[in-house]
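First residue of the sequence shown? That's 1 in full-length UniProt numbering, and the numbers climb one at a time after it.
Only one structure is covered here, and it is reproduced in the block below.
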Amino acid sequence: MGYVKPSPIQAECIPHLLAGRDVLGMAQTGSGKTAAFSLPLLHNIDPTVKAPQILVLAPTRELAVQVAEAVTEFSKHMRGLNVVALYGGQRYDVQLRALRQGPQVVVGTPGRLLDHLKRGTLDLSNLRGLVLDEADEMLRMGFIEDVETIMAQIPADHQTALFSATMPEADSSYHQTLHERSTGSAYSVKPDHAS
């Protein structure tokens, strides 16, 4: 994969996520945040359980595909692990076929994930980890209600990682939700601004 040493966001987040803590991270595109959340959450997956254990919410189809490809690459040596991307514009039959394979990692846009939840084709009862990637963009695009509806369907005992390029005041509702649903301590990390 070409990693020699962890990026600042990876160095800050990975230990907390491995310890089962929730994380609120501020990181720009290209900072290595996908590895920062994927590697520790993949470490805690049980590949024998053919059900979603990690859910990554992304604001756009392009980001969902990019994250799914990265997670697939990170997990390529994990026997029996499947990753699926769910987003609008892709045929439902293709997504249903992928969901029937029992993916442990689901990456998707809020709208399409809600569609699958409403249809009963996505079961989140085994979920262990939730990632809100580019939460500031999801908020800006008006997805907060969709995200809250999805979060209401997730078991209370799960880990949450929220990543944002900026932390405007409006993100405080996501931050509040993170703290309310936290099973342990929640950590805010801003390695891009560290000295």
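By construction, the Cβ of each residue, glycine as well, lies at the ideal position given by its N, Cα and C atoms.
Beta-ladder partner(s) of residue i, from DSSP
i: THR160; result: LEU130
Extent of the continuous alpha helix (DSSP H) run through residue i
i: ALA64; result: 61-74
i: HIS16; result: 8-18
Status (buried if at least 16 other CB within 10 Å, exposed otherwise) for residue i
i: GLY25; result: buried
i: ASP171; result: Unreliable placement is indicated for ASP171, whose pLDDT of 47 sits below 50; the coordinate value is still reported in the next sentence. It counts as buried.
i: HIS158; result: buried
i: GLU134; result: buried
i: LYS5; result: exposed
i: GLN101; result: exposed
i: VAL23; result: buried
i: ARG119; result: exposed
i: LEU57; result: buried
i: THR29; result: exposed
i: HIS116; result: buried
i: GLU73; result: exposed
i: HIS77; result: exposed
i: LEU18; result: exposed
i: ASP136; result: buried
i: ILE14; result: buried
i: HIS16; result: buried
i: ILE9; result: buried
The ligand PLP heavy atom lying under 6 Å from the CB of residue i
i: GLU12; result: With respect to the ligand PLP, the structure shown offers nothing to examine, as it has no ligands at all.
Tell me whether the segment 43-61 and the segment 127-140 touch, counting them as touching only if at least three CB pairs, one residue from each stretch, are closer than 8 Å. yes
Validate contact between the segment 62-77 and the segment 103-111 using beta carbons, cut 8 Å, 3 pairs: yes
Only counting runs of 3 or more residues, tell me where the beta strand (DSSP E) segments fall wholly within the segment 80-154, in order along the chain. 83-86, 105-108, 129-132
Please give the ranges of any alpha helix (DSSP H) in the segment 28-65, keeping only runs that are unbroken, at least 4 residues long and fully inside the region. 33-43
Evaluate contact between the segment 93-100 and the segment 146-158, counting only Cβ atoms and requiring at least three cross-stretch pairs below 8 Å. no
Across the segment 74-84 and the segment 41-48, are there enough close Cβ pairs to call them in contact, namely three or more that are closer than 8 Å? yes
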